[in-house]
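Colleague:
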Amino acid sequence: MTPLLQVKNLVIDIPQRAGGEPLEFAVLPGQVWGVLGPNGVGKTTLLHTLAGLRPARAGEVRVKGRPLQAWRRRALARMLAVLFQERHESFPATVMETVLIGRHPWLPPWQLERPEDIALARQALERLAVAELAPRLLSTLSGGERQRVAIATVLAQAPQLWLADEPTNHLDLHHQVGVMALLAQQAAAGCGVLMCMHDLNLAARWCDHVLLLYPDGAVRAGTAQQMLKPELLSELYRQPLVAAEVDGARVFVPVK
Amino acid sequence: MVIERRFCWALAALLLLSVSALLIAVTVGSVTLSAAELWAVLQGGGDPLHRTLLLDLRAPRAGAAFATGALLALSGALMQVLLRNPLADPYVLGLSGGAAVGALSAMLLGFGAAMISGSAFIGALCSALLVFGLAQGAGSWSPARLLLTGVVVAAGWGALISFLLSVGPAERLPGMLYWLMGDLSYARSPWPAAMLLVAVMVLALPAGRSLNVLARGPLQAASLGVPVVWLERGVYVLASLLTAVAVTTAGSVGFVGLIVPHMLRLVLGNDQRVILPASALAGGSLLTLADTFSRVLIAPEQLPVGVITALIGVPTFLWLLYRSR
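Here you go:
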C-alpha cells in the first residue's frame, strides 16, 4: 500500500533553533496519528511543513509517493487538507460561505458552486451539528462553534489526508468526542489523519500511532501502544504522570 | 445558493442606475434636453447644435466620469482584499500622491494637458514600483508591511505636494488645487479608461472565488490550492494600473474608492464575485452623477467633482454604517 504521507529524514525549519533528530514515519490509509509534545516544540511548524506551506530545512515529504514539490497546489488541495489552529476573519462572512470555501480546489475558475457542492457543504455542517447556524455571521459564533465550522470546511474539502492542528480546541467534552469519532470514521473509510494534540486521554482513546516531539530535538514514532507510556510521556512534558486502565483505554493523570 | 437571487437583482438595479446616470449626465446642463430631443439625437437625427452638445461635449465627459468612478471603486475593492483591510482605498499605498507630484510638476513647468496626464501616470507608476520594491524588503510581503510602506511613501508625496503648492505661482494655483480635488474638465477621451475597465473585469471576475479564499489569510488560501504569491502580485499590479489610469483621467477624486466598495459590502456581503462588478457599476454611477452636479450646481461655474463625491458619499456612508448590525 502506498503511504498517503511519507516523511524521510525531515528536519523542520524553526528559525534560530538547532535542527534536532530527523523525522522518519509514514501515514497509511486508515491510520490515525497523534503528534504530542510540549508548547513551542514545533508541532504546528511540522504540520505546515507537511502541507507544503513552508520549506523544510532538510529531508523529503512524499504525498502518495510523489514529492511534495512535484504536486500542483490545486491537486494537492484535493488530496490533503489542513485544519488551522488560527484563523483570520478580515471580512465578515456567513457560516455557509465559509464552509463552501472548502469546495474551492474542486471548482474551475468560472464555475459557481454547483448544487452538489452546496449539498456537500450542508452535509458537512449537519455532521458537525452546526447546520442551523448556516446563515449566521462567523463573528457571532462562539469559539467552539467556529471550531466546528472550520472542521466542517475541511470535511467539505473531502481530502484523503487530514492534517489537523489541535482539532478539539475550544470544544466541550461531547463535541471533543464527536470530532475524534469523525476523524476515526474518516480513517476507517480509507483516509489518513495526523493531528497535533495536547489531550493524552483523547490520544490514547482514538490514535493508533503517535509521534513524540521532545524539546531537546529528539523524536520517537510508533504505535500508540508503544508510545503512550507514563515514563516516555513524563519525560516529554517534564511532568510526572501515572497511568491507569479504564474501560479498555489508558488514562493519564498528573502526579501532584 | 451562494450567488443568490438578491445578488442578481442588485446587479440589475445597479446596471439600471448606471444607464440612468449616464442619460442624466448627457441631458442636464446649461442647455437641458427633453426626452424627445435626446431620443432624436440617439436615433441619429435631431438639432445639429444638440448633436454637438451631446455627442462631442457631454458624452465623452460622462463616459470618462463613469469609467473613472468604476476604476476607482474596483481598485478600492481589490486593495481591500489585498491588504485584508476593509478600510483600504486606492490611494492608501501612495499612488495618488505620486500621480499628483507628477501632474503638479508638469503644471508648474507650464506643460499642456497631454503632458500633465502623462506625467501623472508616470508618477503613479513610480510610486507603485517604489512601494512594491520597498515592501518586499529583505523579508516577505505581509499586508501590514505593505500598508505601512504605502502610508509612509504617501506621506512623503504629501510633503512634496505641499512644497510644489507653496512655490507655485499664484495664477497656477487654482488649476493645481482643482487637480488635487479631482476634476473631470480636463478629461478628454473616455476610451483608455473604459477599455482598461473591461479588460480588468475579464481578468478579475474568474479570480473572484480565489480572492474570497485569499481574504481568509495566505496560509488558508495556499492550503486550498490558491497560488497566493502570484495572486497577490497580480492584484497589486491591476489595482495600481486602475488607479493610475483613473487619476490620470480625472485627478485624485477622493472617497469613491473607499466608500463604494465598503458600502456595497455592508449591504451585499463579501463575495468578491458580486462586490467587484457591483463596485464598478456603483462607482461609475456615483462619479457620473457627482460630475453632473458639479457642472450644474453653481453654473456657469464648475465645482471640483471630488467635493461632490465627498458631500454625497460621507453622509450616505455614515447612515449605512449607523444602520448596519
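Protein chains in written order, with this note's numbering: chain A, 1 to 256; chain B, 1 to 325. We treat Cβ as the ideally placed atom computed from N, Cα and C, and that holds for glycine.
LEU286 (chain B): which of B:ARG145, B:GLN220, B:GLY112, B:GLY63 sits nearest, CA to CA?
Modeller: Of the candidates B:ARG145, B:GLN220, B:GLY112, B:GLY63, the one whose C-alpha sits nearest the C-alpha of LEU286 (chain B) is B:GLY63.
Colleague: So, GLN76 (chain B) versus LEU258 (chain B), is the Cβ gap smaller than 8 angstroms?
Modeller: Position check: residue 76 (chain B) holds Gly in this sequence, whereas Gln was assumed. Cβ atoms of GLY76 (chain B) and LEU258 (chain B): closer than 8 angstroms.
Colleague: In its own chain, which residues sit with a C-beta less than 7 angstroms from the C-beta of GLY190 (chain A), not counting the 5 before and 5 after it?
Modeller: Hits under 7 angstroms: PRO29, GLY30.
Colleague: Quick check on this structure: which residue in A:LEU232, A:TYR237, A:ALA134, A:ALA221 has the alpha carbon closest to the alpha carbon of PRO215 (chain A)?
Modeller: Nearest option by C-alpha distance: A:TYR237.
Colleague: Taking the alpha carbon of SER294 (chain B) as the point to measure from, which residue in B:SER185, B:ALA106, B:PHE111, B:GLN136 has its own alpha carbon closest?
Modeller: It is B:SER185.
Colleague: Grab me the residues of PRO135 (chain A)'s own chain with a C-beta within less than 8 angstroms of its C-beta, minus the 5 sequence neighbours each way, in chain order.
Modeller: Within the same chain, PRO135 (chain A) has close Cβ partners THR94, VAL95, MET96.
Colleague: Out of B:PHE7, B:GLY156, B:LEU231, point me to the one whose CA is closest to VAL101 (chain B)'s CA.
Modeller: If we check each option's Cα against that of VAL101 (chain B), B:GLY156 comes out closest.
Colleague: By the criterion of Cβ-Cβ separation under 8 angstroms, what are the contact partners of HIS209 (chain A) in chain B?
Modeller: Correct list: empty, because the minimum Cβ distance to chain B is about 23 angstroms.
Colleague: At which residues does the beta strand (DSSP E) containing ASP117 (chain A) begin and terminate?
Modeller: Note, ASP117 (chain A): premise wrong, no beta strand (DSSP E); alpha helix (DSSP H) at 115-127.
Colleague: Just checking: is the beta-carbon of VAL41 (chain A) within a distance shorter than 8 angstroms of some beta-carbon in chain B?
Modeller: No, VAL41 (chain A) does not count as interfacial toward chain B.
Colleague: So the alpha helix (DSSP H) GLY208 (chain B) belongs to, where does it begin and stop?
Modeller: Run containing GLY208 (chain B): 208-214, per the alpha helix (DSSP H) assignment.
Colleague: From what residue to what residue does the alpha helix (DSSP H) around ARG336 (chain B) run?
Modeller: As displayed, chain B neither begins before 1 nor continues past 325, which places residue 336 (chain B) out of reach and without an answer.
Colleague: In chain order, what residues of the same chain have a beta carbon less than 8 angstroms from the beta carbon of LEU138 (chain A), not counting five sequence neighbours either side?
Modeller: Cβ within range, chain order: GLU89, PRO92, ALA93, THR94, VAL95, THR98, ARG146, VAL149.
Colleague: Report yes or no: is there a C-beta of chain A within less than 8 angstroms of the C-beta of ASP47 (chain B)?
Modeller: ASP47 (chain B) does not count as touching chain A.
Colleague: Three-state secondary structure (DSSP) at GLN6 (chain A)?
Modeller: Residue state, collapsed to three classes: strand.
Colleague: Which stretch, first to last residue, makes up the beta strand (DSSP E) that contains TRP33 (chain A)?
Modeller: Residues 32-36.
Colleague: Here's the rule I'm using: 16 or more other beta-carbon atoms within 10 Å means buried, otherwise exposed. How should LEU4 (chain A) be labelled?
Modeller: By the neighbour-count rule (16 or more Cβ atoms within 10 Å), LEU4 (chain A) is buried.
Colleague: Check each residue of the segment 80-109 of chain B: if its Cβ is closer than 7 angstroms to any Cβ of chain A, include it; give the result in chain order.
Modeller: Cβ contacts with chain A: ARG84, ASN85, PRO86.
Colleague: Give the interface partners of ALA77 (chain A) over in chain B, defined as CB-CB distance under 8 angstroms, in chain order.
Modeller: Simply SER223, LEU224, GLY225.
Colleague: Which stretch, first to last residue, makes up the alpha helix (DSSP H) that contains GLY59 (chain B)?
Modeller: The sequence given here places Ala at residue 59 (chain B); Gly does not occur at that position. Residues 59-82.
Colleague: Can you list the beta strand (DSSP E) stretches of 3 or more residues lying completely in the segment 45-124 of chain A, in chain order?
Modeller: Counting only runs of 3 or more, we get 58-63, 80-83.
Colleague: Does the beta carbon of GLY234 (chain B) sit closer than 8 angstroms to a beta carbon anywhere in chain A?
Modeller: With 8 angstroms as the cut-off, GLY234 (chain B) does not count as an interface residue toward chain A.
Colleague: I need the boundaries of the beta strand (DSSP E) containing THR223 (chain A), first residue and last residue.
Modeller: Where THR223 (chain A) is concerned, the enclosing beta strand (DSSP E) stretches over 219-223.
Colleague: Could you tell me whether the segment 76-94 of chain B touches the segment 139-148 of chain B, where touching means 3 or more Cβ pairs closer than 8 angstroms?
Modeller: Counting Cβ pairs under 8 angstroms, three or more are found: they touch.
Colleague: With 8 angstroms as the threshold, decide whether the Cβ of SER142 (chain A) is near any Cβ in chain D.
Modeller: Among the protein chains in the structure shown, which are A and B, there is no chain D.
Colleague: With DSSP as the reference, identify every bridge partner of VAL246 (chain A), one or two as the case may be.
Modeller: Answer is A:ALA249, bridged to VAL246 (chain A).
Colleague: For TRP162 (chain A), write down the residues that DSSP places opposite it in a beta bridge.
Modeller: BP columns for TRP162 (chain A) point to A:ALA81, A:VAL193.
Colleague: I want to verify the contact list: residues of chain A whose CB lies under 8 angstroms from the CB of GLU151 (chain B), in sequence order.
Modeller: Rather than Glu, the amino acid found at residue 151 (chain B) in this sequence is Val. Near VAL151 (chain B) there are no residues of chain A at all, since even the closest Cβ is about 18 angstroms away, more than 8 angstroms.
Colleague: With a cut-off of 8 angstroms, do at least 3 Cβ pairs link the segment 109-125 of chain A to the segment 232-244 of chain B?
Modeller: In short, these stretches do not touch, since the Cβ pair count stays below three.
Colleague: Which residues does DSSP pair with VAL198 (chain B) in a beta bridge?
Modeller: Paired residues: none, contrary to the question.
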